Amino acid sequence: MSAEGLISEFYVDKKGEIILVTVFVPEERENLIRMYEEYDPESRCCGLPPNTRNGIESWIDALHKNGYGFIAKLGDRVIGHIAAVPENSEAEFAIFIHPDFVDRGIGGELIRFASRVMREKGVRKLKAITERTNRRAIETYRHLGFLAVSRDPLYVYFEKEI
Ligand SMILES: CC(C)(COP(=O)(O)OP(=O)(O)OC[C@H]1O[C@@H](n2cnc3c(N)ncnc32)[C@H](O)[C@@H]1OP(=O)(O)O)[C@@H](O)C(=O)NCCC(=O)NCCS
């Protein structure tokens, strides 16, 4: 299957809502910024997302200039985002699900979708970093087959061959 044939999928989440997972396109930039403007401070991880509109814009634009973007949508609303920055055959990604939509399987679906698309583009290893206190992210990565390859006092470093 080519990456071009895999640009979006529908998924019924654990509350029965129909969620679209798809590749980020510039037309979604404003919807994505809106999601991050609503992001509550307790759900931030590794100092992200930035907490000002200017900071969010610069962060999103830099991520998408250098890498891959994926989003989850409910209707017109963006409710989840992955940005992945490739280097050779590896890519490091960050994922954020809107706080109102966590624990519904959406993060897992978005990671699976992004993995398939990036594999089609030649990526063979995914990397993710999270804070040691972020139980939800740690359990999510483990559940999806990521291995914790190292730790330091603040962060856990995950990898997965895809
Ligand atoms: C971490 C985060 C991305 C996870 O996304 P999510 O949509 O809440 O997670 P999901 O509901 O898809 O869970 C992912 C998988 O892990 C499993 N899982 C989640 N928490 C689990 C737990 N405590 N124990 C066992 N399995 C767990 C789920 O069952 C799911 O598997 P499934 O899809 O096969 O059912 C999301 O909660 C988030 O955005 N948090 C704030 C920002 C953040 O921490 N980002 C990541 C680090 S930078």
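Residue numbers (my numbering): 386 to 547.
We put the beta carbon where it would ideally sit given N, CA and C, even for glycine.
Small disclaimer: the values here were computed from a predicted structure and weren't measured.
Inter-residue spacing [alpha-carbon to alpha-carbon] between residue i and residue j
i, j, result
"Thr518", "Leu495", "22 Å"
"Ala388", "Glu423", "Unreliable placement is indicated for Ala388, whose pLDDT of 45 sits below 50; the coordinate value is still reported in the next sentence. Computed Cα separation, rounded: 31 Å."
"Ile547", "Arg504", "7 Å"
"Phe543", "Phe481", "16 Å"
"Lys458", "His466", "9 Å"
"Gly507", "Pro484", "32 Å"
"Gly460", "Pro538", "40 Å"
"Arg438", "Ile418", "8 Å"
"Gly493", "Leu529", "7 Å"
"Met386", "Arg501", "Any reading at Met386 must be qualified, since the residue scores a pLDDT of 36, below 50, and its modelled position is unreliable; the value itself is stated next. Those two C-alpha atoms are separated by around 10 Å."
"Arg497", "Glu394", "11 Å"
"Ala469", "Phe409", "11 Å"
"Lys510", "Gly452", "14 Å"
"Val397", "Ile464", "14 Å"
"Ile456", "Thr515", "20 Å"
"Pro435", "Ile441", "5 Å"
"Asn416", "Ser428", "19 Å"
"Val534", "Ala513", "10 Å"
"Gly454", "Val541", "23 Å"
"Pro426", "Ser474", "33 Å"
"Lys450", "Ile404", "26 Å"
"Trp444", "Cys430", "14 Å"
"Ala548", "Lys400", "With the chain running from 386 to 547 in the structure shown, residue 548 is simply not present."
"Phe531", "Lys545", "5 Å"
"Tyr526", "Ile392", "23 Å"
"Asp488", "Arg520", "12 Å"
"Tyr421", "Glu477", "20 Å"
Bridge partners - residue i, DSSP secondary structure assignment
i, result
"Pro471", "Ala476"
"Ile482", "Gly465"
"Tyr540", "Glu516"
Unbroken beta strand (DSSP E) run spanning residue i, endpoints
i, result
"Thr515", "510–516"
"Leu532", "532–536"
Endpoints, alpha helix (DSSP H) assigned at residue i
i, result
"Leu495", "491–505"
"Ile547", "Here Ile547 belongs to no alpha helix (DSSP H), and DSSP marks it neither H nor E."
Quiz item: Going along the chain, which unbroken runs of the beta strand (DSSP E) with 3 or more residues stay wholly within the stretch 388–464?
Solution: Complete beta strand (DSSP E) runs here, min 3: 393–397, 403–408, 453–459.
Self-check item: Chain-ordered list of residues that sit, by beta carbon, closer than 6 Å to a heavy atom of ligand 1
Solution: Going by the Cβ distance cut-off, the answer is Ser428, Cys430, Cys431, Ala479, Ile480, Phe481, Ile482, Val487, Asp488, Arg489, Gly490, Ile491, Gly492, Gly493, Thr515, Asn519, Arg521, Ala522, Glu524, Thr525, His528.
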